[in-house]
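Worksheet: the structure to be examined is printed underneath.
Residue numbers (the working numbering), protein chains in the order written: chain A, 513 to 731; chain B, 226 to 337.
In structure tokens form, the structure reads like this:
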């Protein structure tokens with residue numbers, strides 16, 4: 513009797529990521545197909561080949577593609593991307609609200625009014641929101657952390673892109689300019705919009721994690 | 226035997242599976258075999274179409290899967306219809322009936 517679990521594991525290593533039960537279920541299906549063929553009087557070798565046809569070539573491709581589309585993408589969207597989007601929306605909303613003249617005039621600004629300290633203070637709420645939503649959708653710990661860090665990651669990518677474009681353009685305009693001066697042009701953007709917000713969001717996600725566990729235990 | 230276009234087959238698969246599971250819980254292989262037998266081989270689902278669909282139905286909470294030990298001592302992942310899944314059968318049937326009636330009025334084909 514062929515070891516169907518081993519065969520499925522070997523052919524569909526990638527599907528183990530989707531669901532650990534899936535490989536077992538597919539192996540069971542192949543085993544049943546093989547045994548049904550044997551009962552019909554098909555010789556073992558031919559029965560094995562016919563059962564294998566279900567997971568070879570085009571069929572294998574379809575199966576992997578469908579599971580990727582149906583399971584992995586759906587799970588990724590539900591457990592990480594949507595909570596991340598919500599975190600980003602909340603982060604942008606707080607920044608926009610604090611940037612309003614009426615609000616800005618009433619809050620304390622750091623370093624000559626460039627860095628909104630109050631925005632940073634609100635970021636743990638955003639991080640917690642993303643982490644909690646991801647947890648609610650049964651996201652893993654990595655996904656909960658990722659969901660809370662989406663705004664900082666997006667900001668980091670944008671800053672890097674803009675910096676790369678600026679770096680290239682300034683090199684074309686002034687080829688003799690020093691590289692260090694061009695790097696300095698980044699200014700305070702990375703710490704103000706990426707590193708510190710990421711730390712505050714992560715703090716929020718951590719608080720959400722601890723409080724969920726504590727309250728979960730209490731209830 | 227006329228083969229059925231993959232798009233039509235995919236659309237009708239959910240109704241076929243839900244109707245079958247309304248009778249009693251079945252595991253994946255049994256579902257495929259019973260549909261094939263009951264339709265005389267017109268509808269036959271390969272693993273690539275059956276399992277993603279079963280897992281999708283499970284995500285929608287229309288079916289519930291659980292590991293069961295069969296009479297031969299083997300463990301199989303059996304699917305059973307949930308109350309929410311049972312509620313889907315009537316609207317799906319109505320949808321397909323409306324579709325066939327509409328098609329019939331255009332093409333003039335009659336049910337055998």
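Don't be surprised by glycine CBs; every beta carbon is placed ideally from N, CA and C.
Using the C-alpha atoms, what's the distance from residue j back to residue i?
i: residue 659/A; j: residue 261/B; result: 44 Å
i: residue 643/A; j: residue 585/A; result: 19 Å
i: residue 676/A; j: residue 702/A; result: 13 Å
i: residue 327/B; j: residue 538/A; result: 39 Å
i: residue 719/A; j: residue 654/A; result: 15 Å
i: residue 597/A; j: residue 662/A; result: 7 Å
i: residue 566/A; j: residue 601/A; result: 45 Å
i: residue 237/B; j: residue 606/A; result: 48 Å
i: residue 688/A; j: residue 632/A; result: 39 Å
i: residue 276/B; j: residue 722/A; result: 37 Å
i: residue 283/B; j: residue 681/A; result: 53 Å
i: residue 321/B; j: residue 639/A; result: 46 Å
i: residue 287/B; j: residue 610/A; result: 46 Å
i: residue 242/B; j: residue 316/B; result: 15 Å
i: residue 561/A; j: residue 589/A; result: 38 Å
i: residue 649/A; j: residue 641/A; result: 12 Å
i: residue 297/B; j: residue 645/A; result: 44 Å
i: residue 582/A; j: residue 516/A; result: 24 Å
For residue i, go through chain A and note every residue whose CB falls closer than 8 Å to its CB, in chain order.
i: residue 250/B; result: In chain order: nothing, as chain A lies at least about 14 Å away.
i: residue 302/B; result: 533, 536, 537, 540
i: residue 281/B; result: 582
Quick one: which chain A residues come within Cβ less than 9 Å of residue i?
i: residue 305/B; result: The premise fails here: residue 305/B is roughly 15 Å from chain A at the closest Cβ pair, so nothing lies under 9 Å.
i: residue 253/B; result: 537, 538, 540, 541, 544
Chain A partners of residue i, CB-CB under 7 Å?
i: residue 273/B; result: 571, 574, 575, 578
i: residue 265/B; result: What residue 265/B touches in chain A: nothing, since even the nearest Cβ is about 18 Å away.
i: residue 219/B; result: Here chain B comprises residues numbered 226 to 337, so residue 219/B is not present and cannot be evaluated.
Out of the options, state which residue places its alpha-carbon closest to the alpha-carbon of residue i.
i: residue 514/A; options: 536/A, 542/A, 523/A; result: 542/A
i: residue 656/A; options: 550/A, 726/A, 592/A; result: 592/A
i: residue 668/A; options: 567/A, 682/A, 710/A, 569/A; result: 710/A
i: residue 300/B; options: 244/B, 264/B, 258/B, 251/B; result: 251/B
i: residue 246/B; options: 305/B, 297/B, 331/B, 329/B; result: 305/B
i: residue 715/A; options: 671/A, 636/A, 599/A; result: 636/A
i: residue 266/B; options: 258/B, 239/B, 307/B; result: 258/B
Run through DSSP, which three-state label would residue i get?
i: residue 337/B; result: Note on residue 337/B: pLDDT 48, under 50, position unreliable in the model; the coordinate value appears next. Note: residue 337/B maps to coil in three-state DSSP.
i: residue 304/B; result: strand
i: residue 251/B; result: strand
i: residue 299/B; result: coil
i: residue 546/A; result: helix
i: residue 686/A; result: coil
i: residue 709/A; result: helix
i: residue 667/A; result: helix
i: residue 540/A; result: helix
i: residue 524/A; result: coil
i: residue 702/A; result: helix
i: residue 613/A; result: helix
i: residue 518/A; result: helix
Residue i versus chain B: which residues are under 7 Å apart at the beta carbon?
i: residue 557/A; result: Simply none; closest approach about 21 Å.
i: residue 589/A; result: Within chain B, no residue comes near residue 589/A; the closest Cβ sits about 12 Å away, beyond 7 Å.
Which residues in chain B have a C-beta closer than 8 Å to the C-beta of residue i? List them in chain order.
i: residue 567/A; result: 272
Worksheet item: At which residue ranges does the segment 253–297 of chain B contain complete beta strand (DSSP E) runs of 3 or more residues, listed in the order of the chain?
Response: 288–294
Worksheet item: Where in the segment 551–611 of chain A do unbroken runs of the alpha helix (DSSP H), each at least 4 residues long, occur, reported from the N-terminal end onward?
Response: 556–564, 569–579, 594–611
Item to complete: Identify every run of the alpha helix (DSSP H) within the segment 627–651 of chain A, keeping only runs that are complete inside it and at least 4 residues long; order them along the chain.
Response: Qualifying alpha helix (DSSP H) stretches, in chain order: 629–648.
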